[in-house]
Amino acid sequence: MASHELPPPPMKKSPALAPTTISDLSGDILCEIFLRLPSLPSLIRAALTCSSFLDAVRSSPSFRRCFRALHPPPLLGLFIDMYESAIPAFSPLRRRSDADLAAAIRGADFFLTGLPDDDKDAVPNWSIIDCRDGCVLLVNWSTEQMAAYNPLTRALDLFPTPPAQLCDGDLYLEFHILSYQEDRGSFRILCVCEEQWGACVVVFSSDAREWQIFPWYDDDMGWHHTDESRDHARVLDIATLEFSQIDLPQLVFEGQDAFRVGEAKNGNLCMTSLVQLNLFVWLWRANDQGVETWMLDNAFELKKIAEAAKCSLEDNSALKVVAIVDGCVYLSTYHETRYDSPCCYYPSAWKLRS
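For what it's worth, numbering that gives the first Met the number 0 labels the leading residue of the sequence shown as 0, then goes sequentially.
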């Protein structure tokens, strides 16, 4: 009699695997994805989507450094500090095609409403003295207050002006705000105090909450201004907070204006000067003998900018270099005989290479 084997029992089905979602990705993979976002506003919107996204951005300083290197902060607009104006005006750049930038401008406090008033009845009297990394540095001499204000985040930090012996004298004061790369909430204020025969720097730290006066630097070079009567200028190393001297480019053009110092695209030192409606640019680099010196790099005609701004040398209108930041030159037009004349700013697209 033939035997009949029973069929094997059916195999048990393995439990179905749970579907993988973007929330299951590791922080490293999330950071690799976030590096491909087009701008800082888009990163902020993505990071605020869920806690794991926000943790990935917050917990990785190296990611933030890479993102800043790949996505330089865009120019949102220009503050214009008008003569006898209580609050500086803000003129946004019109980029209708960029929804992220438009949303950032709409949500920011560029009217500076977060600044405190002098009292209940007085008109606020704040003046902008520097702006860097999205933070505006302002001073109110009537209340002896200074403010570091971020219009995008509305973060406000109030602190006193420098010691009275510096502010009440005949010293020339120049202020700069510097943020720490790893902690954008912390900053330093450099107050450079200069007179005819020397200079010193006074530093305020947002962590220490006090002004620190550094030793006086004596020299015999006269005023710090880089005008046609001087062949040297003072230089402050912001890392060591020490002063030194640097030669100025030779003046080779008749009617040449004072020099303006700034930074090229890679952060190297550069200097410009206006001659009529031409802008000349010098870069600090090695010459053929390997010696670092000022080298005349380029010249730009400003005729089209002058025509667009209705600026004519015959009617006492003038062009002025306001700043040189990250390789871009910022110019203003104004009327030389009227202190209340409007001041228009024109950011150029020139790239000052190294």
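We put the CB at the ideal spot given by N, CA and C, even for glycine.
Span separating the alpha-carbon of residue i from that of residue j
i, j, result
"Leu268", "Val260", "7 Å"
"Ser47", "Arg63", "Before going further, note that residue 47 is Leu rather than Ser in the sequence given. Answer to the nearest angstrom: the Cα atoms are 15 Å apart."
"Asp54", "Ile43", "12 Å"
"Pro159", "Val56", "34 Å"
"Phe110", "Ile127", "13 Å"
"His224", "Leu240", "Bear in mind that a pLDDT of 40 at His224, under 50, signals an unreliable position, so the number given afterwards is only what the model happens to contain. Their backbone Cα atoms lie some 19 Å apart in a straight line."
"Gly106", "Gly326", "28 Å"
"Ala101", "Leu69", "21 Å"
"Ser50", "Leu24", "13 Å"
"Phe299", "Thr271", "11 Å"
"Phe174", "Phe33", "35 Å"
"Cys65", "Ala45", "17 Å"
"Trp283", "Phe258", "14 Å"
"Arg352", "Glu291", "Note that Arg352 scores 46 on pLDDT, short of 50, meaning its location in the model is unreliable and no value can be drawn from it."
C-beta contact flag for residue i and residue j at 8 Å
i, j, result
"Leu172", "Leu189", "no"
"Pro40", "Asp99", "yes"
"Val135", "Pro115", "no"
"Asp246", "Trp293", "yes"
"Leu165", "Cys192", "yes"
"Arg187", "Val201", "no"
"Ile79", "Ser90", "yes"
"Leu305", "Leu276", "One point to set straight first is that residue 305 is Ala, not Leu, in the sequence displayed. Closer than 8 Å, so yes."
"Asn265", "Val280", "no"
"Ser185", "Asp206", "yes"
Residues near residue i by beta carbon distance below 7 Å, same chain, minus five either side
i, result
"Leu92", "Leu74, Leu75 and Gly76"
"Gly113", "Tyr148, Arg153 and Leu155"
Reduced DSSP secondary structure (H/G/I, E/B, other) of residue i
i, result
"Ser204", "strand"
"Ala68", "helix"
"Ser41", "helix"
"Arg105", "helix"
"Asp116", "coil"
"Leu276", "coil"
"Ile362", "Residue numbering for the chain in the displayed model covers 0 to 353; residue 362 lies beyond these limits and cannot be assessed."
"Cys49", "coil"
"Ile304", "helix"
"Gln288", "coil"
"Asp132", "coil"
"Leu100", "helix"
Burial state of residue i, where buried means 16 or more other Cβ atoms lie within 10 Å
i, result
"Trp215", "exposed"
"Pro248", "buried"
"Asn139", "buried"
"Pro87", "buried"
"Ala285", "exposed"
"Leu330", "buried"
"Ile323", "buried"
"Val328", "buried"
"Ser228", "Interpretation of Ser228 is limited by its pLDDT of 45, a score under 50 that renders its predicted location unreliable; no figure is taken from the coordinates."
"Leu295", "exposed"
Proximal residues to residue i (C-beta, below 6 Å), its chain only, five neighbours per side dropped
i, result
"Ser59", "Cys30"
"Arg208", "none"
"Met145", "Val138, Phe158 and Thr160"
"Ser243", "Val234"
"Gly26", "Ala55"
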